[in-house]
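In the numbering used here, the protein residues as written are 8 to 467.
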Ligand SMILES: *Cc1c(COP(=O)(O)O)cnc(C)c1O
């Protein structure tokens, strides 16, 4: 254990979990149409579906809940949250939202002033892309090429490709670019970090072209800790100072607080100093999320978030957080399971195309491994591959993902390393039978977002 840090907390409340028998798991999976999204969580032993809103709160947060001031307007809870966000970001205006996509639906249409305007991001998160498109905009991704080299030991695979960014701006014309969104960490690229050097360059390019910069910062604290670990000159800076440097390089901060806010529900909009933008967000937040001092959250939610935001910047917490992902990644690699390396901030991505190369992409190799992992150990993971990608809207053909990933997403402060050892053991077992596994075919497929509700049968 010398190479990994220990949990900086002890457990004082537990939620029992249970591993149902293999025969029951087989029955439940069949009833779920071979789609773990359709399982009941009570039938899951270790749930690695997502790190969103699934973490554990501290006793300080549970204590803060009792302080919640449930006033419709101007509650004490709001002012405590506002003070915490201002202290962390240095921004002037704060509006809560019910979660990340709530913040997006309020803020993004204020940037996309005309239909057909472009938004450029390292990689847009799915809901961010959806809200860009709903607002009439077009989303362009612009991540560095190192991102796609799974085994390449590169410290900041979430970075923008700066040359490509300049080309896109020149090609589409600066007056047609609504915003540049820096997604930190880069969720869709495996939670890979973005360096401050890269963010500084992006900011410079944006300034030169008069384009606003947005931080999509669900995992900004994890990103700041990666910078401390990996970027030259930041070894001795505090994570709080590094986080502030990140915020200095943007105009607007949108956050799903279900991640680095360490709460089960919540979101944030923070605006550096643009009063017009603040007014525009105030106008939209009322019909969509709620009055601007609660934005869809209760007073107690805001108090828990005010405390969680600060805890997520504590360095012993962050060190353990990133180490636990690295630990699981190292165990899997040692057992011969191909993963994205180095591991990112919130999940381990497993290359299932390499585990069962005999299964064609349109029979969903990562979904097959996902099901096998449930059968093996009652573990729920999630497919991030061709099933998630869907079909071409014109030809209706299945699109082929670059990689058939299985994501093992680790909730914050929730599972122990014993659980992760068990996950690694189960997946190593499953991967050994990879070359013998067969694919899946649809029994039901919904026209959009099919991965959530699809039903399958195994191909004989
Ligand atoms: C989760 C997430 C969102 C959306 O937030 P929700 O709270 O799920 O609505 C947006 N951007 C990024 C980078 C995320 O990880």
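Think of the CB as a built atom: it goes at the ideal place given N, C-alpha and C, for glycine as much as any other residue.
- prompt: With distances taken between CB atoms, is the gap from residue 171 to residue 216 smaller than 8 Å?
  reply: Translated into the one-based positions of the chain shown, residue 171 becomes position 164. Translated into the one-based positions of the chain shown, residue 216 becomes position 209. No, the Cβ-Cβ distance between residue 171 and residue 216 is not below 8 Å.
message: Nearer than 7 Å: is that true of the beta carbon of residue 164 relative to any heavy atom of ligand 1?
response: Counting from 1 along the chain shown, the entry for residue 164 is found at position 157. Residue 164: no, Cβ never under 7 Å from ligand 1.
field: Proximal residues to residue 195 (C-beta, below 8 Å), its chain only, five neighbours per side dropped
entry: Indexing the chain shown from 1 puts residue 195 at position 188. When the five nearest sequence neighbours on each side are left out, the beta carbons in the same chain lying within less than 8 Å of the beta carbon of residue 195 are those of 130, 131, 132 and 133, in order along the chain.
field: residue 290 classed as buried or exposed, judged by whether at least 16 other C-beta atoms fall within 10 angstroms
entry: Your numbering for residue 290 matches position 283 in the chain shown. The residue in question, residue 290, is exposed, as its Cβ has fewer than 16 Cβ neighbours within 10 Å.
- request: Give me the Cβ distance between residue 275 and residue 80, rounded to the nearest whole Å; I'm assuming they're in contact under 8 Å.
  value: On the chain shown, position 268 is the one that residue 275 refers to. On the chain shown, position 73 is the one that residue 80 refers to. Your pair residue 275 and residue 80 does not check out as a contact, with CB atoms roughly 18 Å apart and the cut at 8 Å.
- prompt: Going straight from the alpha carbon of residue 92 to that of residue 419, what length do you get?
  reply: Within the chain shown, the letter at position 85 stands for residue 92. Within the chain shown, the letter at position 412 stands for residue 419. Residue 92 and residue 419 have their C-alpha atoms roughly 21 Å apart.
task: Please write down, chain order preserved, every residue whose beta carbon lies under 7 Å from a heavy atom of ligand 1.
output: Those residues, listed in chain order, are 59, 106, 107, 108, 109, 111, 132, 134, 135, 190, 194, 223, 225, 226, 263, 265, 266 and 274.
field: Assigned secondary structure, residue 373 (DSSP; H/G/I helix, E/B strand, else coil)
entry: Within the chain shown, numbered from 1, the residue matching residue 373 stands at position 366. Assigned with DSSP and collapsed to three states, residue 373 falls in helix.
task: Work out the CA separation of residue 136 and residue 212 for me, nearest whole Å.
output: Within the chain shown, numbered from 1, the residue matching residue 212 stands at position 205. Within the chain shown, numbered from 1, the residue matching residue 136 stands at position 129. If you take the alpha carbons of residue 212 and residue 136, they lie about 22 Å apart.
task: State the DSSP-derived secondary structure class of residue 86, mapped to helix, strand or coil.
output: Here residue 86 corresponds to residue number 79 of the chain shown, with the count starting at 1. Secondary structure at residue 86: helix, using DSSP grouped into helix, strand and coil.
task: Let me know the secondary structure DSSP gives residue 76 once reduced to three states.
output: Position 69 of the chain shown, counting from 1, holds the residue named residue 76. Correct three-state label for residue 76: coil.
query: Relative to the C-alpha of residue 376, which residue among 285, 51 and 436 is closest?
result: Here residue 376 refers to the residue found at position 369 when the chain shown is read from its first residue. Checking every option, the nearest Cα to that of residue 376 belongs to 436.
message: For residue 328 and residue 116, I'd like the C-alpha separation in whole angstroms.
response: In the chain shown, residue 328 corresponds to position 321, counting from 1. In the chain shown, residue 116 corresponds to position 109, counting from 1. Distance between the alpha carbons of residue 328 and residue 116 is about 34 Å.
query: Would the C-beta of residue 260 count as close to ligand 3, meaning under 7 Å from any of its heavy atoms?
result: Absence of ligand 3 is noted for the structure shown, with ligand 1 being the only ligands found.
task: Would you mind working out which of 126, 166 and 85 sits nearest residue 310, comparing C-alpha positions?
output: One-based indexing of the chain shown puts residue 310 at position 303. That would be 85, whose Cα lies nearest to the Cα of residue 310.
message: So, under 8 Å CB-CB, residue 466 and residue 444 are touching, yes? Tell me the CB distance rounded to an integer number of Å.
response: On the chain shown, residue 466 is found 459 positions in, with the first residue counted as 1. On the chain shown, residue 444 is found 437 positions in, with the first residue counted as 1. So it is not a contact: roughly 10 Å between Cβ atoms.
field: Same chain, Cβ closer than 8 Å to residue 358, five either side skipped, listed in chain order
entry: The sequence position of residue 358 within the chain shown is 351, counting from 1. Cβ neighbours of residue 358 within its own chain (closer than 8 Å, five residues either side excluded): 157, 345, 346, 347, 410, 411 and 412.
field: Exposure of residue 205, with buried meaning 16 or more beta-carbon neighbours within 10 Å
entry: As a first step, residue 205 must be located in the chain shown, where it is residue number 198. Classification of residue 205: buried, given that the 10 Å Cβ count is 16 or more.
message: Using only the alpha-carbon positions, how far apart do residue 58 and residue 198 sit?
response: The residue labelled residue 58 in the question sits at position 51 within the chain shown. The residue labelled residue 198 in the question sits at position 191 within the chain shown. C-alpha of residue 58 to C-alpha of residue 198: approximately 11 Å in a straight line.
- prompt: Ordered along the chain, which non-local residues of its own chain (more than five positions away) have a Cβ less than 8 Å from that of residue 382?
  reply: Residue 382 sits at position 375 when you count from the first residue of the chain shown. Around residue 382: 29, 32, 33 and 36.
task: Apply the 10 Å Cβ neighbour rule to residue 367 and answer buried if 16 or more other Cβ atoms are within range, or exposed otherwise.
output: Within the chain shown, the letter at position 360 stands for residue 367. Exposed, by the Cβ-count rule.
Proximity winner among 63, 76 and 11, relative to residue 305 (alpha-carbon distances): Position 298 of the chain shown, counted from the first residue, corresponds to residue 305. The candidate whose alpha carbon is nearest that of residue 305 is 76.
Backbone CA spacing between residue 49 and residue 429 [nearest angstrom]: As a working note, residue 49 is residue 42 in the chain shown. As a working note, residue 429 is residue 422 in the chain shown. Between the C-alpha atoms of residue 49 and residue 429 there is a straight-line separation of about 19 Å.
Backbone CA spacing between residue 360 and residue 294 [nearest angstrom]: The sequence position of residue 360 within the chain shown is 353, counting from 1. The sequence position of residue 294 within the chain shown is 287, counting from 1. Between residue 360 and residue 294, the C-alpha separation is close to 45 Å.
query: Taking just the CA atoms, how far does residue 236 sit from residue 458?
result: In the chain shown, residue 458 corresponds to position 451, counting from 1. In the chain shown, residue 236 corresponds to position 229, counting from 1. Straight-line Cα distance between these residues: approximately 36 Å.
query: Is the segment 224 to 233 touching the segment 186 to 195, taking contact as three or more C-beta pairs under 8 Å?
result: As far as the Cβ criterion goes, the segment 224 to 233 touches the segment 186 to 195, which means the pair count is three or higher.
task: Take residue 308 as the anchor and find which of 44, 72, 432 and 322 has the nearest alpha-carbon.
output: As a position in the chain shown, residue 308 is number 301, starting the count at 1. The shortest Cα separation from residue 308 among 44, 72, 432 and 322 belongs to 72.
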